[in-house]
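Just so you know, the protein sequences line up as chains P, D and R, in that order.
Quick note: the first sequence uses the numbering used here, first residue 1, plus one each step.
Quick note: the second sequence uses the numbering used here, first residue 581, plus one each step.
Quick note: the third sequence uses the numbering used here, first residue 699, plus one each step.
Virtual Cβ for every residue (Gly too), placed ideally from N, Cα, C.
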Amino acid sequence: MSKQTIFLLRDTSLTQDKTRDFQILFLKVARDLGIEDSIQAVRASDLGIYDKGYVIKDLTNEVIYANLQESDIEKFLKATLMGEGSVDEFKYTPDKCQLRIVLRNCGVIDPESIDEYMAHEGYCALAKALTEMTPEKVIEEMKKSGLRGRGGAGFPTWMKWSFARNSLDETRFVVCNGDEGDPGAYMDRSILEGDPHAIVEGMILAGYAIGAQRGFFYIRAEYPLAIKRIEKAIAQAYERGLLGENILGSDFSYELEVRLGAGAFVCGEETALIESIEGKRGMPRSRPPFPADKGLWNHPTIINNVETLAAIAQIINRGGEWLARIGTEKSKGTKVFAITGKVKNSGLIEIPMGMTISEIVYGIAGGVLGGQKLMAVQTGGPSGGVIPEHLINTPVSYEHLAEVGSIMGSGGLIVMDEDDCMVDIPRFYLRFCVEESCGKCAPCRIGGYQMLKIIDRIAEGKGVEADLEKMKRIAEGMQKASLCALGQTAPNPVMSTMKYFAEEYRQHVQDKKCRAGKCTKMVQYSIDQAKCKKCKLCVVNCPVGAISGSREEGYVVDQVKCIKCGTCYEVCKFNAIVRK
Amino acid sequence: MKTKKLTKEDILNACKATAPKGDYVKVGISTCGVAAGAQDTFNVFVEETKRLGIKIDITKCGCIGMCYAEPLVEVSAGGLPTVTYGKVDKNIAQEIIQEHLAHGRLVDDAIFEMPMNR
Amino acid sequence: MITARINGITVKVPVGTTILEAAKKVQVKIPTLCAHPDLQSRSSCGICIVKAKGMNKMLRACCTPIEKDMDITTHDAEIVEIRRTVIELLLSKHPNECLTCTRNHTCELQQLAADFGILRESFPQIEPKVPYDDSTGAIAVDRRKCILCGRCVDVCQIMQNVWALSFLERGIDARVAPAGEITLEESPCIRCGQCSAHCPTGAIVEHDDTPKVWEALQNPNLHCVVQIAPAVRVAIGDILGYPSGTNLTRKLYAAFRRLGFDSVFDTNFGADVTIVEEGTEFVHRFTKEPDQLPLITSCCPAWVDFMEKYHHDVVPHFSSCKSPHQIVGALAKTFYAKKRRHDPEKIFVVSIMPCTAKKHEITRSKEMYSSGCQDVDIVITTRELARMIKQSGIDFDALVGEDADSVLGEYTGAGTIFGVTGGVMEAALRTAYYAITGGKLANIEFDNVRGFDGVKEGAIQVQGKTVKVAVAHGIGNVEYVLNRVVEAKRKGEEPPYHFIEVMACPGGCIGGGGQPYGITNEIRAARAAGLYEDDRDCAIRYSHENPSLKALYEEYIGEPLGNRAHSLFHTEYTTYSEYKR
C-alpha cells in the first residue's frame, strides 16, 4: 500500500520557522499511534496559503487543513488515517484561487510537442469549427463569450472580427500581436513559450472566422525562445495538414508566418505594427480607417493579442456561454497578470475577472514583501495608473479599473510599498515612454520630453509650484492631441500619482523632501553619533568608500563621494544613519 | 519521411486517448526559467539519472507561473503524488534524484504550490 | 454624398471627404502644420484636432473622413487651449530666430504662433545638436528648425521616389536626414528642392546665392547678363502681390535693368534652340534609327540626376541636348561675347530659375564649360529674385514693361510653354512635324499632353506614321513609363512610346522647387494658364521660326547637331553605380 503523503507548512504569521519542530512532533505522534509507516510527512516550502497557522495538506486526498495547533496533531492523525473522529473544522478551501484557462497548458505540456498538445484537447476546436461551424457561427460564439481584447484597450473581439468578415475586400489578414513591451510584463512571452500550439490554433480559427488567407505572428526579437517555439509549432502544424491548402479536408486554406519586431515599444500599437510588418518605419497611422477595414497593405486585418488568441480554442470547444459565466458583467473570462514588485510571490497568474486587487495581492501573491505596508498597485504599465491602498478592493475589470483612473492594460501588475516614491515611479514610466516615443507627432515627442524634464526637476528638488500646473497642461495636450495610445496614455502614471499622492508631490516641491528617499538628489545620509555604536558595518558596506573616521572620533559620510545608494541606511542595526 | 495529414477523427481520438503517463521529471524551461538556471537543472537530471541508471522521462514544459521560485521542476515518480519543486538549483536537483527518484522520499523544504483551478 | 454638421452648420460632402475639407465648405479654416494638399495627410502635428459629439477622443481633421451625421466642433475653449499647448511645445524645440530666418513672414509655424497669440515661452528651449547640411549647394537643411511634420519625407519618398530623406532615431532625437549618417550630397538627393517648397518652416531652404549676385553687380569689371526661365514669369507674382499666374515678363526685364544687369536675355530663347536640336535629334531617330527610340527629354537637371543614379538602362535614350539656360549661358560667352566684343571671362551669367537643381547643373560636367569658362555663373531661384527685388527698393508695380535685349532675348510661344508639364513635348512636336512633313499642324495645341495627370499619353499622325508620346511629371510617376519601355525592350517589342518628356516637379517648372511657397494644384493651373496664354499671344509659335534663332544658326552655329552645335549645345551622361534600389 502506498503511503499517504502529507505536506506540512509553517505558520507564516510567526517570525521564526517552527515547521521543523512541528514536523518532529508530528512524526513522534504518528509513531506513538503506530502509523508512522503509512505516512510520509514532508515540509513544503510554499503552498500559497498564508497567515493560517500551521497548514497541512493531505496530498493523497487533495484536502487542506489550516489553523492547526501542536495539540491538534493527534486528533488529526486519528481522523485522517485511522478513521476515528473528524477534523472537518480545520478543512480549508482557499477562497481565492487562480483559474487557468489561457494558461491551462503552460507548465503542463511539452510546448515543442504537437502530440502532447493534441492529448490536451489540442486542435479539437479547429476540427469542430471546420466541420460543424460556419465562420459566422464562430463569430457568434465569440460574441456570446463576451471576450474583449487582452492587449489593453478591451475592444470586443467578435466585433473586430465581424468588421473584417463583412468587408467587401476579400484579401484579409490576421496578426498575432506578440510585441509585448510593458516594463515588468511577460504574460504573452510565457504563453508563446508554454503553449504555442494554442495560439497557432487561435490564429487558424480567427483566420477561418474572418475569411483570411494569411496570418502573421509579430513577435519581438528579444523573445528568441518564443520565436523558436512558435516556428516549431507552425512547422508541425504544416506537417500534419493543419495549415496550408484545404485544412482537414475543408475549403479553408491558410498560411502562417513569423515576423520579428526590432525592439520598438510603439510597434505594439496596431497601426505601427502594420507599418513594421510592411517593412516601413514603425510609426502609427491615424485611425480611422481602422485595421479591420484597411490594415496590412490596405486590406482588412485583425490584430489580436496573444492572450486573446490563446482563449479562442477553449471558447469554441466549450461554447461562448461557458466563458460568459466567468467574470463580471462587462468583463468576461479570466485575465493573466504578471505580478511583480514588492510582493512575496511574484509570478504569472490567471484570475477570473472581478477578483479584487486586494485578493490578488494578499490572497494569491502572498502579500507585500517583508511585511511592509502596501502603498499602491500599478496596472497597465506605462499607460496605466496607480491604484492607492484605499482603493485596493477595486475589482479587476475593464470598467472598474477605468473608474479609479487606471486601465487593465496588457497585464502588468506592480506592487509598491512604503519604500517606493510616488514621484520616482511615474518618472520611471514617463522616461520609458519618452524613450519609446517614435517621434512622429509633436504632442508626444516634445510634450513627453518637456514633462519628463519637469518631473526630473521636481525629483531633484528644483521644482516650483507652477511646474505641477504645467505638467497638467502638457498632459492634457498629450492625451487629447497625440496620435496613438502611447502618447495619449503616457501622462497617466504622472497624472494618477498627482491625483492620489498630491501630498507627496507637495513635499517634493515645497519641502524639498522625498519620503521614500528614492529621489537621491534631495537625500542626504549622515550618522547620528549618539546612536552610532562604531560597529563599522556601514564603512565596510559602502560601495564607494564615502564613510570614514575612527572609533575615537566617530564616523562621517563624505557628501561629495556619497552616491546615495542607501546601503548604509539598510545595514545599520542601530538606526544611526539619518536620511533626510 | 512524410508525416500523415491529420483528419478530424485523428484529432478527436488523440484527446480521448490520454494514455496514463509513466514517471517523469518536467523542467520549466521558458525564458524566465532559463534565466534562473533551468537549463543547468535540466542537464543535471539528464546526466545524473543516466549515471545512476534511473530510467525516467525528462521533459521540458513552459512557465509554471511561480516565477519567484524558478527553476521549477515537476516530478511524478515512485507512486508518489505529483509535486512541484521550486528553486531547484544543482544541489536540490541532486537531492531530488537521490531522495525522490531513487528512494521514493519527497524532499523537504523544496515543494511549492499555488492554489489553482484549470 | 453624406450630410453632417460642423459647428452647427449642415454640410453635404462626398463620401471620403476629410473633416478638414468639409470644414472649408462652411467657411471654417482648421489650422494645420503637417497637412498639405499635395500629400496624403500623415497626421503628425496634432494641431487640427476637433471634437465629434459622442466620441471621447478628439479626431484629427486632416486625415479623418467625415461620417454621416457626425456633429463636429472645430473650435472651443478647450480645443484652442490644446492647440496652443501643442504650438508652444513645437516652439520649445524650434529656435527663436524668426528675424534672421529665410522664412520670416512665410513661415507657417510663425503664422500659427501669431494667430494663436503665443505671448510667452511656457517651456524651456530644447536645443538639439543636429548637423547643419548645406553640402549640396542647392538645398540647405537646418534641422534645428524642423518640426518633423514629415512633408519633406513624403515628398522625397512618395512624390519623388528618391528616398534621400527619411526619419532617423526616435522620440526627441527623431530627425529627418539621409539614412546612414551621410550628408545630402552623398545621398541619392536629386536636388529637385520639392522638400524646400513644401517645408512649413525654415528647416529646408534653397542655398542662398544672392550675395554672389549682388557682388557681381557691384563689380565694374564684370558684364552682368541675366536670363529668366519660362516658369518664373508667371510665378513670381505670388510673392510680389499679383494674382497667381500673372505674366510679369516685361516688368521683370525692367526690374533686371534697375537691379543693374547689363544685358537681359530670356531662357525661352534657349528653349527654342533646345527644340531645334532635340527636334532634329528626334526626327533623325524616328526616321533613321528607330531602334534608338524612345527619345527622352533631358532639360530637367533633377531628372538627369535621377537617371544617372537610378536608371542607367535608359541613358542611351536620353537626348544629349543641354537645358535651355545652359545654351543661353554658352551662347552669351561665345556668340554674344564675340558680337559685342566682350571678354567671355568678364561676362557674368545669372540664371533666374524656378529650380534648385539648376544650382548644381551649372557645374555638373565638363560640357557646362563649353564656352571655355563656366557657361552659367550663378543660378538663383524665383524666391531669391523676389528678395533681391524687394531689397533694391524697386516699386515693381509701378514699373513700365521693357523688352529683352537681342541677340538672346527673342522667343516663340513654343519656348515659353517649356515651363509647364507637356510643354517641351508640345513644342518639340510642332517643330518635328514641320521637319518631317515640311508643313504646319492643323491644330497647334496638344490637349492630351496638357493638364496635371501624373502620366499623360498621346499619339499624333505624321505622314501616315503614328508618333506615340508620353509625358510624366513628378519623379514618382516616371517609373510607370520607364518600366513599360524597359519591359518592351526586354521582350524585343516595339517601344510603347517614341518620345517621352519628363519633368521632376509636379506640374513641371511652374511647380518647381525654387518657386514661391504655398503651391497647390490651383496655383499650378493658374501658372500653366499664364504660360499657355503667353504662347497664344506670341506671333510666332514654332521654335524654328524664331528670327534671332535663324540668324544664330546662319551666322554662327551652322546645322543643328553640327560640330559647333555639338560642342555648345550637347552634353554627355555619367552613371553612378553606387546608388541602388
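| Asked | Found |
| --- | --- |
| Could you please give the first and the last residue of the uninterrupted beta strand (DSSP E) stretch that includes Val42 of chain P? | 39 to 46 |
| Return no unless some Cβ of chain P is closer than 8 Å to the Cβ of Thr762 of chain R. | yes |
| Between Thr60 of chain P and chain D, is any beta-carbon pair separated by less than 8 Å? | yes |
| Quick check on Ser437 of chain P - is its C-beta less than 8 Å from some C-beta in chain R? | yes |
| Looking at the strands, I want to know which residues DSSP matches up with Ser526 of chain P. | P:Val578 |
| Residues of chain D with CB closer than 7 Å to the CB of Gly349 of chain P, please, in chain order. | Correcting the residue type first, residue 349 of chain P is Ile in the shown sequence and not Gly. Simply Gly645. |
| According to DSSP, is Ser741 of chain R helix, strand or coil? | coil |
| Just to confirm, is the Cβ distance from Pro651 of chain D to Ala618 of chain D under 8 Å? | yes |
| Establish whether the CB of Ile543 of chain D and some CB of chain P are separated by less than 8 Å. | Because residue 543 of chain D is not part of the residues shown, which for chain D are 581 to 698, the question remains open. |
| In terms of residues, what are the limits of the beta strand (DSSP E) holding Phe173 of chain P? | 173 to 178 |
| If you drop the 5 nearest sequence neighbours on each side, which residues of the same chain put their C-beta closer than 7 Å to that of Cys998 of chain R? | Val1200, Met1201, Ala1202 |
| Residues of chain D with CB closer than 9 Å to the CB of Glu503 of chain P, please, in chain order. | Neighbours of Glu503 of chain P on chain D: none; closest Cβ ~32 Å, over 9 Å. |
| Note down, in chain order, all residues in the stretch 475 to 491 of chain P with a beta-carbon under 8 Å from any beta-carbon belonging to chain R. | Glu476, Gly477, Lys480, Ala481, Ser482, Leu483, Gln488 |
| May I ask you to list, following chain order, the residues of the stretch 368 to 402 of chain P that have a beta carbon less than 7 Å from some beta carbon of chain R? | none |
| Given a threshold of 16 other Cβ atoms within 10 Å of its Cβ, counted over all protein chains shown, does Asp1285 of chain R qualify as buried or as exposed? | Since the displayed chain R opens at 699 and closes at 1279, residue 1285 of chain R lies outside it and no answer follows. |
| Output needed for Leu957 of chain R: all residues of its chain with C-beta closer than 6 Å, excluding positions within five of it in sequence on either side, in chain order. | Ser1090 |
| Let me check one thing: in DSSP terms, what residues is Ala338 of chain P bridge-paired to? | P:Leu348, P:Gly412 |
| With DSSP run on the structure shown, which of helix, strand or coil describes Thr908 of chain R? | helix |
| According to DSSP, Thr379 of chain P sits in a beta bridge with which residue or residues? | P:Gly385, P:Leu413 |
| Helix, strand or coil, according to DSSP, for Val258 of chain P in the structure here? | strand |
| Does the contact criterion of 3 or more C-beta pairs under 8 Å hold for the stretch 898 to 907 of chain R versus the stretch 1179 to 1198 of chain R? | no |
| Step through the CB atoms of chain P and report whether any lies within less than 8 Å of the CB of Met581 of chain D. | For Met581 of chain D, the predicted structure reports a pLDDT of 43, less than 50, and the residue's modelled location is therefore unreliable. The matter cannot be settled from this model. |
| To be precise: take each residue of the stretch 869 to 890 of chain R, compare its Cβ to all Cβ atoms of chain P, and keep it if any distance is under 9 Å. Which residues remain? | Gly869, Ile870, Asp871, Ala872, Arg873 |
| DSSP three-state call for Ser2 of chain P: helix, strand or coil? | For Ser2 of chain P, the pLDDT reaches just 46, beneath the cut-off of 50, and the residue's location in the model is therefore unreliable, leaving the point undetermined. |
| Could you tell me if Leu797 of chain R is buried or exposed, where buried requires 16 or more neighbouring beta carbons within 10 angstroms of its beta carbon? | exposed |
| Any beta-carbon of chain D closer than 8 Å to the one on Gly107 of chain P? | yes |
| Over the uninterrupted beta strand (DSSP E) stretch that includes Ile274 of chain P, give me the two end residues. | Unbroken run through Ile274 of chain P is the alpha helix (DSSP H), 270 to 277; no beta strand (DSSP E). |
| Suppose the cutoff is 8 Å on Cβ atoms and the five residues either side in sequence are ignored; what does the same chain contact list for Cys643 of chain D look like? | Gly608, Ser610, Cys612, Gly613 |
| Please confirm whether Val1105 of chain R and Ser1246 of chain R have their CB atoms less than 8 Å apart. | yes |
| Do three or more CB pairs link the stretch 473 to 482 of chain P to the stretch 410 to 423 of chain P at distances below 8 Å? | no |
| Which same chain residues, not among the five before or five after Met584 of chain P, have their C-beta less than 6 Å away from its C-beta? | Shown here, chain P extends from 1 to 580; a query on residue 584 of chain P therefore has no answer. |
| Cβ of Gly1174 of chain R less than 8 Å from any chain P Cβ? | no |
| If you drop the 5 nearest sequence neighbours on each side, which residues of the same chain put their C-beta closer than 8 Å to that of Tyr92 of chain P? | Ile49, Lys52, Val55, Ile64, Tyr65, Ala66, Asn67 |
| What are the partner residues of Ala875 of chain R, as DSSP defines its beta bridges? | R:Ser864 |
| According to the neighbour-count rule (16 or more other Cβ atoms, all chains shown, within 10 Å of its Cβ), is Ala1028 of chain R buried or exposed? | buried |
| Ser1049 of chain R and Thr972 of chain R - do their beta-carbons sit closer together than 8 Å? | no |
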